[in-house]
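Peer 1:
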Amino acid sequence: MRIASDIRQFILITTISTFLMVGGYFIAPIEARFLFTLTQNPVLVGLTFSIGTIAYAILAFLAGRLSVSYGKRRMITIGAILCIVYPIIYATSINIFQYMGGRLVWAFAGGATGPLLGALLQDTVSKNKSKGKLIGTFHSMHAIAGSIGAFLGGYISESYSLVTPYYFMAFFFIIPAILSIVFIGFKDGDHEKTIKKRSLDFSIRYILKNNSLKGLLALSTAFSLNWGVKALLYPLAIYSITQSDLITGSIFATMGIVAIFALPLAGSYVDKKGYRKGLYISYAILGISTFFLAFSTSLIFFWFFAALLAVGEAWHGPARGVLEVENISNKYRGEIFGFFWAYGSLIGAISTLFAGFMLLYLDIFTVLLFYSMFMWIAFALGSVFLRRENPKQ
1 MRIASDIRQF ILITTISTFL MVGGYFIAPI EARFLFTLTQ NPVLVGLTFS IGTIAYAILA
61 FLAGRLSVSY GKRRMITIGA ILCIVYPIIY ATSINIFQYM GGRLVWAFAG GATGPLLGAL
121 LQDTVSKNKS KGKLIGTFHS MHAIAGSIGA FLGGYISESY SLVTPYYFMA FFFIIPAILS
181 IVFIGFKDGD HEKTIKKRSL DFSIRYILKN NSLKGLLALS TAFSLNWGVK ALLYPLAIYS
241 ITQSDLITGS IFATMGIVAI FALPLAGSYV DKKGYRKGLY ISYAILGIST FFLAFSTSLI
301 FFWFFAALLA VGEAWHGPAR GVLEVENISN KYRGEIFGFF WAYGSLIGAI STLFAGFMLL
361 YLDIFTVLLF YSMFMWIAFA LGSVFLRREN PKQ
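Those letters in the sequence shown? Residues 1 to 393, per the working numbering, in order.
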């Protein structure tokens with residue numbers, strides 16, 4: 001009965017998270033261009049991405065800490081409801097500063113859903129022998145959702161206007177909000193009511209005691225640097241080649257389709273060979289693909305290496321997930337998960353802002369090359385920590 005119950009909860013978490021992902025990707029192909037209709041200053045565009053992400057980092061960390069005492073379920077449900085609000089603020093913005101305000105609402109909503117849904121998922125699969133495959137399935141559904149959302153966003157924008165995908169996004173978020181209210185709700189059975197007070201540096205001390213988590217911290221730094229600029233640089237790079245929102249959405253959709261097929265293979269591989277080998281494969285592919293993307297000034301080459309990048313990202317998901325499941329206690333999973341999301345978001349915010357400054361002086365592809373270098377540095381550093389762990393898992 002326990003296995004059946006866990007699988008039911010896994011399906012519920014995956015469904016809610018997938019709907020949130022579809023809605024979120026409606027604006028992936030067009031958000032950067034929409035921001036340039038509000039201002040022509042690339043620094044302000046970078047700041048817009050950054051300011052919300054910094055707030056997200058803070059709120060994700062706080063949500064993780066609060067989840068230990070008050071429960072993940074409450075936070076997830078509140079966040080899902082707020083997801084309906086921020087796209088409307090985006091769509092009705094008459095200047096870049098109003099859009100920044102919308103990013104703050106997004107930060108609250110995202111901080112209360114993304115990290116804690118992930119933590120709740122890992123709690124659910126932690127005792128399952130096929131946790132790598134289940135985590136791979138979870139990320140595979142995300143890839144499908146991202147593909148659908150990105151393609152529809154590009155199509156809707158091309159067919160109607162840049163602002164229309166935002167309204168579709170708000171409407172679509174009603175579905176996960178209802179599912180969260182009905183099936184997750186505000187019950188507080190997933191936390192401990194008596195727990196010792198923890199200092200603010202508890203998470204970092206917890207991570208630094210474990211070599212695998214230290215390796216993950218190094219690797220996730222580079223991943224977050226590149227992920228942070230993906231929403232800014234990739235659409236601009238593709239549009240500079242094609243002048244088409246539909247093709248931009250199609251490339252993002254292709255990345256999702258590739259990930260759909262790569263994720264189950266990655267999950268099975270990680271279950272058999274362990275998370276270390278999975279991470280080595282992931283970051284080798286990420287390093288190669290980001291390097292060649294910086295030299296892909298033709299549509300075919302950019303499309304190919306974007307698809308290869310999706311393979312690296314796909315391998316990253318299950319490998320990282322299994323590492324976290326095996327090295328983080330269920331009791332503190334929400335808090336440590338929140339820390340990693342907060343840290344990644346903060347790095348991503350700094351990355352985006354820095355990219356905005358660099359675009360004042362450098363072309364898009366030179367900036368992409370700069371960020372690729374970080375991937376290789378982190379790969380080398382993370383490998384050092386991962387090798388120190390006992391190879392038996």
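For each residue, glycine too, the CB sits at the ideal point set by N, CA and C.
Predicted model only: the values in this text are computed from it and were never measured.
My guess is that Tyr-239 and Tyr-332 are in contact by the Cβ rule of under 8 Å, so how many angstroms apart are they, rounded?
Peer 2: The C-beta distance from Tyr-239 to Tyr-332 rounds to 43 Å, too long to meet the 8 Å contact threshold.
Peer 1: Are there 16 or more other CB atoms within 10 angstroms of the CB of Thr-194, so buried, or fewer, so exposed?
Peer 2: Low per-residue confidence applies at Thr-194: pLDDT is 48, beneath 50, and the placement is therefore not dependable, though the value from the model is reported in the following sentence. Exposed is the call here.
Peer 1: Leaving aside the five residues before and after Lys-129 along the sequence, list all residues of the same chain whose C-beta is less than 8 Å from its C-beta, in chain order.
Peer 2: Asp-271, listed in sequence order.
Peer 1: Can you give the beta carbon distance from Leu-59 to Phe-108, rounded, assuming they're within the 8 Å contact cut?
Peer 2: 6 Å
Peer 1: Going by DSSP in three states, Asp-363 sits in which element: helix, strand or coil?
Peer 2: coil
Peer 1: Distance, Cα to Cα, Leu-386 vs Leu-236?
Peer 2: 36 Å
Peer 1: Helix, strand or coil: which one does DSSP assign to Tyr-90?
Peer 2: DSSP places Tyr-90 in helix when its eight states are reduced to three.
Peer 1: In terms of alpha-carbon separation, which member of Ala-80, Ile-76, Asn-210 and Ile-7 lies closest to Arg-388?
Peer 2: Asn-210
Peer 1: With burial defined as no fewer than 16 other Cβ atoms inside 10 Å of the residue's Cβ, what is the status of Tyr-160: buried or exposed?
Peer 2: exposed
Peer 1: Grouping DSSP H, G and I as helix and E and B as strand, with all else coil, what is Val-384?
Peer 2: Residue state, collapsed to three classes: helix.
Peer 1: The alpha helix (DSSP H) that contains Gly-256, what's its start and end?
Peer 2: In the DSSP annotation of this structure, the continuous segment of the alpha helix (DSSP H) that includes Gly-256 starts and ends at 245-273.
Peer 1: Here's the rule I'm using: 16 or more other beta-carbon atoms within 10 Å means buried, otherwise exposed. How should Ile-181 be labelled?
Peer 2: By the 10 Å Cβ count, Ile-181 comes out exposed.
Peer 1: Around the Cβ of Ile-364, are there at least 16 other Cβ atoms within 10 angstroms (buried) or fewer (exposed)?
Peer 2: Classification for Ile-364: buried.
Peer 1: Can you tell which of Gly-348, Leu-120, Leu-217 and His-142 has the C-alpha that lies nearest to the C-alpha of Gly-24?
Peer 2: His-142
Peer 1: Where Ala-177 and Gly-79 are concerned, what is the direct C-alpha to C-alpha distance, given to the nearest angstrom?
Peer 2: 8 Å
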